[in-house]
Each structure stands twice: as structure tokens, then as C-alpha cells.
Amino acid sequence: MNKQVIINMFAQGLMFAVNLCISFFLVPYITKTIGVEAYGFVGLANDFVGYAQIITIALNSMAARFITIKIHENNIEEANKYYSSVILANLIISVFLFIIGLVFVIFMDKFINIPTNLILDVKILFSLMFANFIISILTSTFSVATFCTNKLYLTSIKTIFSQIIRVVVLFLAFLLFKPSVYYVGLAALISTAYLGYCNYRYSKSLTPELKISKALFSVKHLLTLLASGIWNTISKISNILSNGLDLLITNIFIGSTSMGIISIAKTIPNTILNAFGSICSVFTPELTINYAKKDYEAMKKQLLSAIKVIGIISSIPITILFVYGKDFYSLWVPTQNANLLFWLTCVVACELSISMPLEPLWNIFTVTNKVKNSSLFLLMNSVLTIIITLILLFLTKGVMPRMFIIVGVTVIFSIIRSLTFLPMYGAKCINLKLTTFYKNIIKNLITIILAVLLSLGLKQIIGINSWLTLIIGAILTSIICLVLSSLLITTKSDRQNFKNYLALKLERIKK
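In the working numbering, the protein residues as written are 200 to 710.
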């Protein structure tokens, strides 16, 4: 990996740490002051924003790719046509979404179960979350500047600042006013507005050649983006069917309290998944640039390297979840059922153990513009997930069994996807053997299993009874994961290259 990718990864990792800290303090505070039901609606509001993204993803998901390729082909006029067309189209879509969102918020208590005392607060929360979404649409195209110049770390740094602003707003709101769930939406709105402005400034400084002009608006270029992006829309629908309906289905079939419990149980796994999705995105600019240069060999090397790196890093939080999950929940949200939260989280973590190292493969479908087959497979996988989930819910009684069905069926189908289609089709897209990535899957699983067994023995020695002992245990488990990963996941050549890299850095420092 080159220096730019390492910097981008570090920035994304730092952003993950900040988001994790926010969740760490926010979740117990909201559940304590407002209730677990209220926190469930925060997750549900985010899910509804995900539903709304279906309308925009076909247009925006491929914009960075096409603009970046045209810039690196020195075809600035074509790049500007894509740039202007997307921004102006997003403006029109935003007006349309504003009207839909307004109507939904007014009548939302007719569609979902909301406790009477929370109706007004939940409506305000959803209003602010939709407003936040519209701002993100209007400013999303500006982020292409850091993408096409391979300087994603700049956006990551500003994202960290935006999250700090979010924390400050939340802290002041809860400190100065009566606690309410909609403060989460207000903080998100202000944070997104700041980040959008920063990306706008970057677009001016990093890519001054990109201009917004009505004269450059092109239906033809929009259709080109839609033709490629429509498959990403199908992928988004598939993701919603398999993952994004969990809280809504729980709300309808079980109730708002169970929805809040599942929302808490998925908070840390989802934070990990989103974080590593962001970390994996740092490889996309260079992959796209190499694809524009038709340097396929460089793409293969970078992708294989990325899978190893993600596998090594991801084994740490996953192992910690398996070993210390129950202790963590007992300390984090002492008013909730720690055992139930732990086992729900373990179910989700089983999927992460297999899918996480392969996250970089999702980028290759977009870079090579081969998203059709992946989207169709995801749709089939997700339709089966939702059908089987609903059938089992109708056949099952009891709150806890239904909760595990909602979470578990999704995980089972995700594991099937990660063991079959993703590694095989990912390999095919870059002309590798279909079995190329299975070695990485097996090595990562063995690493996690051994790390869990060793850490469970270590846990008996430490005796987890406080935050201090939990932190000590997590640190020692992290060391175990790194040692095992260095022995099982990396090759002798990888270790030698890393030693040479460190030696070179030390030599430069001495000078």
C-alpha cells in the first residue's frame, strides 16, 4: 500500500474511534433518561432515511467513478457534464423528497407503533433526519474532489470535526433543555451541514476545473449514470430487505420495547461494519485511477493486500465482542438485559467473522462497472430472507424467539452470500481463480477462533468486574489477535516487507 492509502486508512480509523465514543456515551444516556423505546426510534429514523436513499442512489452512487475517470483521462468537459448534471438533478430530487417526507411525518403515527407520550418528539426527530438527508444529497457530489485526488483523509478529518460538533450540540441540548430524542436529529443536521460546506470548499480548492453550469446539464450523461447506478439501487433495496427492515418488522410484530433492544444489540456491530466499510472505501480511489489507466495487475495486488489488512484489523473488535460482550453490556447499559443483548450481538458477530475480510471486494464491482450480477444476486438473497423471516414469525410465538428469528435469518443468508457469490464473482471480475479468496476466509476464521479461546482463558485469570479490567482484557485480546494474525494471515514475504518499511522509517527519523 502506498503512503496516501495508509494516511486515508488512518483517518478513517480515527473517525471510527470518534463514532464509537459517541455511541458509547449516547446510547446509555438516552436509554436512561428517555427510555429504550425512544432509542429504538433513533435507529428506525436512520432506517427510513435508508429507504429514501433508494430514490437517489442510482444517480449518485456512480458519479464519483465517472467524474474521476474523465478527469484522469484529461477529458474535463465530459467530467463537468457529469458534475453539473448530478448536482442540478439532486436539487430537483430534493424538492420531491421534501414533499414526500413532510406528508409521511404528518401521518406517521398511523403507520407505526409510537407510544403516546413520544409522538411529537418522534415526529420532530424524523423531520430533522429527513432534513439532514436532503442536505447530504445536495452536498454529496462535492465530495468527489477528495475522491478523485485520492485525498479521502481530508474528508475524514472534517468528518471527525463534524462528529465533535454533533457531540457538543447533543451535550448542550441535553444539559440546557428537557431531555428529548429529537436532539439526535438536530445534532445530525448541524453536523451534516458543516461537512457539506467543507466538501464544497474542497471542491473549489482541489478540483477548480469542475464547474456547475446549467448549460452543461446533460440528460444523456444522467442516463449513463442511471444505467450503471440502477443496479446499485437494486443492491440498496436488497440491503433494506435483508437488514434495513429489522427494526420496522420488530415494531410491527413485537413492539417498540423489543425494537429498542434490537437497536442497542446492533449498535456496536453496525458501527464496526460501517467503520470498515469506510476504511475499505479508501482503496476505491486508487483502484478507480488504476482502472482508468488500465493497470489491472496493480488492481489485483492492491485488492489482495486490502483483504489481508481488513482481515487483520477486523479480527480485533469481533473477538472482543465474543469474549467480553456480556461484561460490556452489564457495564454499558446496566438497566437492560445484558445476557439477551450479548447473544443477539453474537448472532450478528458470526456474520462479521466471515464477511468482514471480504468487504474490499464490494468496491471492485463499482470500479469495473459490473454491478448487475451482484445486484441481482443480492435481491434474490434478500427476498428469500424477508419471506422466510415473515413465515417464521407467523409460525412462532413468544417475544425472545421472534427477536432471534428477525436477527438470525438475516445473518444466515448473509453468511451464505459471503461464502458463495461474493468471493467467486469478485475473483471473476479481476480474472482470478474462483477459489482465490477462500484461503483468506479460512485463515481469518481460524485466527478469530483461536483468539477467542485464548482470550476466554485469559478472562478467567483477569476477572472482569469493572471498566478498568474490561479495558485491560480488551487490550490483551488485541495483542493476541495481532500476534495470531501476523502468523496466520500474513506471509513471510509480507512480514519481511513490513520490517523493511519500518527499518526505512527509523532510518529517516535518525537522519
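C-beta: ideal position from N, C-alpha, C; glycine also.
Excluding the 5 residues flanking it on each side, V241 has same chain C-beta neighbours closer than 6 Å at V383, in chain order. The beta carbon of I429 lies closer than 7 Å to those of A257 in the same chain, with the five residues before and after it left out. When secondary structure is reduced to three states using DSSP, L594 falls in the helix class. Shown here for S455: same chain residues with a beta carbon closer than 8 Å to its own, the five before and five after excluded, namely E236, G239, F240, N312, I313 and P314 in chain order. Nearest neighbour of I563 by Cα position, chosen from I615, N431 and T676, turns out to be N431.
Within the segment 605-678, the complete alpha helix (DSSP H) segments of 4 residues or longer fall at 620-628 and 637-661, listed in chain order. I433 places its beta carbon 8 Å or farther from that of L621. Residue nearest to L681 within the set G656, T646, G662 and L652 is T646 (criterion: CA-CA distance). With respect to the C-alpha of S677, the residue from G662, T690 and L649 having the closest C-alpha is L649.
Per the C-alpha coordinates, the member of Q501, V366, T690 and D246 positioned closest to C220 is V366.
Pairing F603 with L583 gives a Cβ-Cβ distance that is not under 8 Å. DSSP places G300 inside the alpha helix (DSSP H), whose first and last residues are I275 to F306. The three-state reading of DSSP puts K377 in coil, since its state is none of H, G, I, E or B. The segment 520-533 makes no contact with the segment 488-500, as fewer than three CB pairs between them are under 8 Å. Between the alpha carbons of I517 and I411 lies a gap of roughly 44 Å. When the five nearest sequence neighbours on each side are left out, the beta carbons in the same chain lying within less than 6 Å of the beta carbon of I233 are those of P378 and V380, in order along the chain. In chain order, I604 and V608 place their CB closer than 8 Å to the CB of L591, counting only its own chain and leaving out the 5 sequence neighbours on each side.
Contact between I614 and E558 is ruled out by a C-beta separation of about 14 Å, above the 8 Å threshold. Ranked by Cα distance from I334, the options K280, Y396 and F376 are led by Y396. Proximity to V508 across T466, I471 and T689 peaks at T689, based on C-alpha coordinates. Only exposed fits G656, as fewer than 16 other CB atoms lie within 10 angstroms of its CB.
T690 carries a coil assignment under DSSP once its states are collapsed to helix, strand and coil. Between G510 and L560, the C-beta gap is not smaller than 8 Å, which leaves the two residues out of contact. Sequence-distant Cβ neighbours of L243 in its own chain, meaning closer than 8 Å and more than five residues away, are I311, L446, L447, N450, M458 and S462. Contact check for P556 against I629 fails: the beta carbons are separated by 8 Å or more.
Put simply, of K691, I389, F452 and F325 the residue whose alpha carbon is nearest the alpha carbon of F297 is F325.
By a beta-carbon distance limit of 8 Å, I467 contacts L520. Their separation comes to about 7 Å.
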